[in-house]
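Taking it in order: structure first as structure tokens, then the write-up.
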Amino acid sequence: MKSTQLRGLRPSFSSPYERKGYMEIKCSSMSTCSMGTHALRIASRHRINDSPLVLNRAKLMPLVTECRRRVYTFVQCQSSSSDSLNGNGSPEIFTRKTEQPLDQMKDRLIKSIGDPNNGSHPSSVRSELVRLALPAIVGQAIDPLAQLMETAYIGRLGPVELASAGVSMSIFNIISKLFNIPLLSITTSFVAEDISKTTRNDLEDDKLMDKHVSFAKAEKLRLPSVSSALLLAAGIGIIEALALFFGATLFLSLMGISPASPMHQPSQIFLSLRALGAPAVVVALAVQGVFRGFKDTKTPLFCVGLGNLSAVLLLPVFVFYFHLGIVGAAVATIASQYITTFLLIWTLSKRAVLLPPKIEDLEFGGYVKSGGLLLGRTLSVLITMTLGTSMAARQGPLAMAAHQICLQVWLAVSLLSDALAVSAQALIASSYAKCDYDCVKQITFFVLKAGLFIGIALAVVLGASFANLAELFTKDTGVLQIVKTGVLFVGATQPINALAFIFDGLHYGVSDFAYSAWSMMTVGAISSAFLFYAPSIFGLSGVWSGLTLFMSLRMVAGFLRLNWSTGPWRFLHQEIPKLKVPYGSGSPLSLEEDEVEYDYASTTE
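Position 66 of the sequence shown, counting from 1, maps to 66 under full-length UniProt numbering, and the rest follow consecutively.
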């Protein structure tokens with residue numbers, strides 16, 4: 001038996017609280033192990049300050065939870081395998097996946113409960129954001145590319161079919177964005193919060209599941225937010241389908257397509273067929289929101305990628321081989337949408353319970369309330385952007401073509417910032433629900449700095465290459481001449497756009513949907529008023545100035561909210577004491593000496 005004692009210091013506290021937790025690690029060498037398991041006992045007496053973060057006691061967060069005495073006992077099994085000894089002949093601790101030396105296991109366990117020496121968290125904010133953001137960027141780019149592929153195939157059928165499909169896709173996308181984007185954003189935050197609350201409750205019941213601790217059996221997550229989101233998505237999808245199917249003629253009339261137009265019949269057929277895919281689209285977005293709440297952006301990328309790959313394969317078959325034309329394009333797209341939804345639901349069913357055993361477990365109230373607010377927010381964005389396009393169209397065909405090129409590039413490069421905002425939303429929602437305000441601060445400040453850096457980098461790149469980039473869209477010299485005047489709009493506004501998108505993600509992360517909605521409505525009203533009058537005086541520059549004003553006000557509104565002394569961000573302006581417990585030399589705080597014991601007992605036979 002080998003045992004090591006480590007002694008340190010402990011702070012003095014007055015609030016009485018005591019709790020003990022026990023965990024057990026399954027041995028990876030069970031078949032040849034003489035003892036069967038590694039028993040890991042963590043016994044702690046915690047003193048909790050009077051703080052709103054008291055609910056987060058189980059993680060031993062350095063903000064408020066102070067550990068007075070800790071005892072760690074390792075009982076190591078002896079495997080008959082020669083791999084049980086390291087290079088020095090000393091035994092190693094085994095986990096399910098890898099073999100780690102005793103010292104490394106000690107360090108990981110200390111980090112897993114929050115390193116009291118530096119207050120850091122187990123995962124790097126930078127690496128976590130990158131891990132979430134990269135798949136999100138690719139995932140957000142897949143759908144536009146799939147629509148571009150669909151447009152390319154339809155374009156070979158003729159100009160009437162192309163124009164008809166374009167109008168129908170615009171109507172479908174507007175309706176989808178109006179209802180689906182709020183559901184996606186709300187689901188991400190609610191699921192992340194629900195997971196954190198469930199984890200906290202499990203910790204209180206001594207059922208901790210940490211990435212360094214493996215259990216013999218992992219149960220599916222039972223989250224009311226998941227079931228509520230799926231049922232709500234199915235209901236919204238059915239309503240959208242009925243509205244688009246039976247209201248196709250009305251929507252086309254609103255877009256200026258009269259029954260006498262040669263575009264009317266193919267547009268109506270295409271829109272009516274695409275309406276059948278609305279339930280699949282809404283449910284798929286809701287499931288993607290669930291996975292984002294799980295802090296998993298790779299699984300949706302895989303499922304969406306396979307679904308859109310099926311569309312690429314089916315489009316030429318239905319359009320040209322079966323000679324179905326525009327009808328075949330709609331059928332191929334619908335099939336790919338249901339394939340995507342099936343893959344997402346099938347994958348989710350392995351990780352979470354899809355439907356609750358009781359109707360009372362559903363939580364529609366939060367979704368409906370927050371969704372109503374974000375519906376108004378999304379409507380404000382759509383109205384402002386549509387008004388800008390309408391005002392650009394009044395400047396003539398050349399100006400409209402130039403505006404469309406600038407706008408598409410402007411929106412395309414925003415995917416980087418938007419993906420970063422989505423990643424920050426998931427991380428902040430999880431930490432905020434656990435009252436881990438220190439982690440929220442780290443994420444907030446880092447993502448804002450990263451967003452500013454990305455915005456400046458995009459501004460430099462676009463400023464240097466936008467003139468050449470525009471030639472990929474058109475060879476018309478008149479249009480290109482106007483496009484060159486939009487370099488300032490497209491390039492210089494990128495830092496503003498990046499921060500505006502990131503502020504949205506931050507506020508969604510703390511479920512500040514009310515402020516996000518009302519501030520956007522105010523910003524939209526001011527920007528729309530500017531767009532009504534400026535283009536008549538300044539021409540196309542007035543349109544771009546109006547859109548720049550729109551994004552600038554969004555950024556300012558987000559910044560102001562972070563500086564309010566009330567509301568969900570008030571903790572940014574409150575001084576919260578932190579514990580610094582040294583494991584070596586001198587302490588930065590005045591601490592009372594006491595014993596902190598770490599017992600590592602290694603037994604061999």
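Glycine included, C-beta positions come from ideal geometry on N, C-alpha and C.
From LYS434 to SER511, what does the alpha carbon distance come to, in whole angstroms?
Looking up residue 434 in the sequence shown gives position 434. Looking up residue 511 in the sequence shown gives position 511. Looking at the two C-alpha atoms, the distance is approximately 14 angstroms.
Thinking GLU150 and ILE326 are a contact (beta carbons under 8 angstroms), I'd like their distance in whole angstroms, please.
For this step, residue 150 is matched to residue 150 along the sequence shown. For this step, residue 326 is matched to residue 326 along the sequence shown. About 10 angstroms separates the two Cβ atoms, so there is no contact after all.
Out of curiosity, what's the CA-to-CA distance linking ILE279 and GLN147?
For the purposes of this step, residue 279 is taken as the residue at position 279 of the sequence shown. For the purposes of this step, residue 147 is taken as the residue at position 147 of the sequence shown. Looking at the sequence itself, residue 279 is Pro, so the reference to Ile does not match. So the alpha carbons of these two residues sit roughly 18 angstroms apart.
Under DSSP, the alpha helix (DSSP H) around SER310 begins and ends at which residues?
By one-based count along the sequence shown, residue 310 stands at place 310. Segment 298 to 316, the alpha helix (DSSP H) holding SER310.
Mind checking whether ALA136 and SER423 have CB atoms under 8 angstroms apart?
The count along the sequence shown starts at 1 and reaches residue 136 at position 136. The count along the sequence shown starts at 1 and reaches residue 423 at position 423. In contact: ALA136 and SER423 (Cβ atoms closer than 8 angstroms).
Roughly how many angstroms lie between the CA atoms of HIS403 and SER185, to the nearest whole one?
Translated into the one-based positions of the sequence shown, residue 403 becomes position 403. Translated into the one-based positions of the sequence shown, residue 185 becomes position 185. Roughly 29 angstroms separates the two Cα atoms.
Whose CA, out of VAL287, LYS220, ALA133, SER258, lies closest to the CA of ASN180?
Start at 1 with the first residue of the sequence shown, and residue 180 comes out as number 180. When only C-alpha atoms are compared, the closest one is VAL287.
Could you check what DSSP says for GLU66 in three-state terms: helix, strand or coil?
The residue you call residue 66 lines up with position 66 of the sequence shown. The predicted model places GLU66 with a pLDDT of 37, which falls under 50 and marks its position as unreliable; any figure quoted below should be read in that light. Correct three-state label for GLU66: strand.
Close Cβ partners of VAL440 (< 6 angstroms) along its chain, the five nearest in sequence each way excluded
For the purposes of this step, residue 440 is taken as the residue at position 440 of the sequence shown. If we look at VAL440 and ignore the five residues flanking it on each side, its Cβ neighbours are ILE428, SER431, TYR432.
Can you find the residues in the same chain that come closer than 8 angstroms, C-beta to C-beta, to LEU183, ignoring five residues on each side of it along the sequence?
Your numbering for residue 183 matches position 183 in the sequence shown. Result list for LEU183: ALA229, LEU232, ALA233, ILE236, VAL282, LEU285, ALA286, GLY289, TYR367, GLY371, in chain order.
Short check: CB of SER417 to CB of GLY451, under 8 angstroms?
Your numbering for residue 417 matches position 417 in the sequence shown. Your numbering for residue 451 matches position 451 in the sequence shown. Cβ atoms of SER417 and GLY451: closer than 8 angstroms.
By the DSSP assignment, the alpha helix (DSSP H) with HIS403 in it spans what residues?
Taking the first residue of the sequence shown as 1, we reach residue 403 at position 403. It spans 397 to 412 - the alpha helix (DSSP H) in which HIS403 sits, taken as one unbroken run.
Is the beta carbon of ALA352 closer than 8 angstroms to that of LEU223?
For this step, residue 223 is matched to residue 223 along the sequence shown. For this step, residue 352 is matched to residue 352 along the sequence shown. In this structure, ALA352 lies closer than 8 angstroms to LEU223 by Cβ.
Quick one: what's ALA352 bridged to in DSSP?
Here residue 352 corresponds to residue number 352 of the sequence shown, with the count starting at 1. Note: ALA352 sits in a beta bridge opposite LEU221.
Residue environment, LEU254, which counts as buried when at least 16 other CB atoms sit within 10 Å
Within the sequence shown, the letter at position 254 stands for residue 254. LEU254 is exposed by the Cβ-count criterion.
Mind the definition here: the segment 388 to 405 touches the segment 482 to 494 only if three or more C-beta pairs lie below 8 angstroms; say whether that holds.
yes
Does the count of Cβ pairs from the segment 464 to 477 and the segment 512 to 526 closer than 8 angstroms reach three?
no
Pick from LEU343, ALA329, ARG561 that is closest to PRO266, judged by C-alpha positions:
For the purposes of this step, residue 266 is taken as the residue at position 266 of the sequence shown. Here the closest residue by C-alpha is ALA329.
Pick out whichever of ALA165, ARG394, LEU221 has its Cα sitting closest to the Cα of TYR533.
On the sequence shown, position 533 is the one that residue 533 refers to. The option with the nearest alpha carbon to TYR533 is ARG394.
Among residues of its own chain, excluding the 5 on either side of ALA335, which ones have a beta-carbon nearer than 8 angstroms to its beta-carbon?
Locating residue 335 in the sequence shown gives position 335, counting from the first residue. Once the five neighbours on either side are set aside, the close Cβ partners of ALA335 are SER310, ALA311, LEU314.
What separation, rounded to the nearest whole angstrom, lies between the Cα atoms of ILE239 and GLN574?
Residue numbering aside, residue 239 sits at position 239 when the sequence shown is read from its first letter. Residue numbering aside, residue 574 sits at position 574 when the sequence shown is read from its first letter. One C-alpha to the other measures close to 46 angstroms.
Out of curiosity, what's the CA-to-CA distance linking THR566 and GLY558?
On the sequence shown, position 566 is the one that residue 566 refers to. On the sequence shown, position 558 is the one that residue 558 refers to. Roughly 14 angstroms separates the two Cα atoms.
If we count the other Cβ atoms within 10 Å of its Cβ and call it buried at 16 or more, is HIS46 buried or exposed?
As a working note, residue 46 is residue 46 in the sequence shown. Note that HIS46 scores a pLDDT of 38, beneath 50, so its modelled location is shaky; the value from the coordinates is reported in the next line. Per the 10 Å Cβ criterion, buried.
Could you tell me the distance, in whole angstroms, from the CA atom of SER31 to the CA atom of LYS220?
Position 31 of the sequence shown, counted from the start, is the residue given in the question as residue 31. Position 220 of the sequence shown, counted from the start, is the residue given in the question as residue 220. Below a pLDDT of 50, predicted positions are generally treated as unreliable, and SER31, at 40, falls in that range; the measurement from the model is reported next regardless. Straight-line Cα distance between these residues: approximately 27 angstroms.
Within the same chain, show all residues whose beta-carbon is closer than 7 angstroms to that of ARG156, passing over the 5 residues directly before and after it, in chain order.
Mapped onto the sequence shown, residue 156 falls at position 156. So no residue of the chain qualifies.
Taking all protein chains shown into account, decide if SER258 is buried (16 or more other Cβ within 10 angstroms of its Cβ) or exposed.
Translated into the one-based positions of the sequence shown, residue 258 becomes position 258. Exposed, by the Cβ-count rule.
Tell me the DSSP secondary structure of THR340 in three-state form.
Locating residue 340 in the sequence shown gives position 340, counting from the first residue. It is helical.
Out of curiosity, what's the CA-to-CA distance linking THR297 and LYS449?
By one-based count along the sequence shown, residue 297 stands at place 297. By one-based count along the sequence shown, residue 449 stands at place 449. For THR297 and LYS449, the distance between alpha carbons rounds to 22 angstroms.
Where does TYR508 land, buried or exposed, given buried means 16+ other C-beta within 10 angstroms?
Numbered from its first residue, the sequence shown carries residue 508 at position 508. It counts as buried.
Out of ARG131, ASP436, ILE537, LEU344, point me to the one whose CA is closest to PHE571's CA.
For this step, residue 571 is matched to residue 571 along the sequence shown. Among ARG131, ASP436, ILE537, LEU344, the Cα nearest to that of PHE571 is on ASP436.
Compare the C-alpha of PRO495 against each of ILE454, GLY505, THR477, ALA467 and name the closest.
The sequence position of residue 495 within the sequence shown is 495, counting from 1. Nearest of ILE454, GLY505, THR477, ALA467 to PRO495, Cα basis: ILE454.
Taking DSSP as the reference, what is the three-state secondary structure of SER127?
For this step, residue 127 is matched to residue 127 along the sequence shown. Helix.
So which of VAL125, VAL130, ARG131, GLY139 has the shortest CA-CA distance to LEU415?
In the sequence shown, the residue the question calls residue 415 occupies position 415. Nearest of VAL125, VAL130, ARG131, GLY139 to LEU415, Cα basis: GLY139.
Between the beta-carbon of LEU343 and the beta-carbon of LEU531, is there less than 8 angstroms?
Locating residue 343 in the sequence shown gives position 343, counting from the first residue. Locating residue 531 in the sequence shown gives position 531, counting from the first residue. Taking 8 angstroms as the Cβ cut-off, LEU343 and LEU531 do not qualify as a contacting pair.
Candidates ALA152, LEU348, VAL319, GLY365: closest to residue 609 by CA position:
In the structure displayed, the chain extends from 1 to 605; residue 609 sits before or after that span and is not available.
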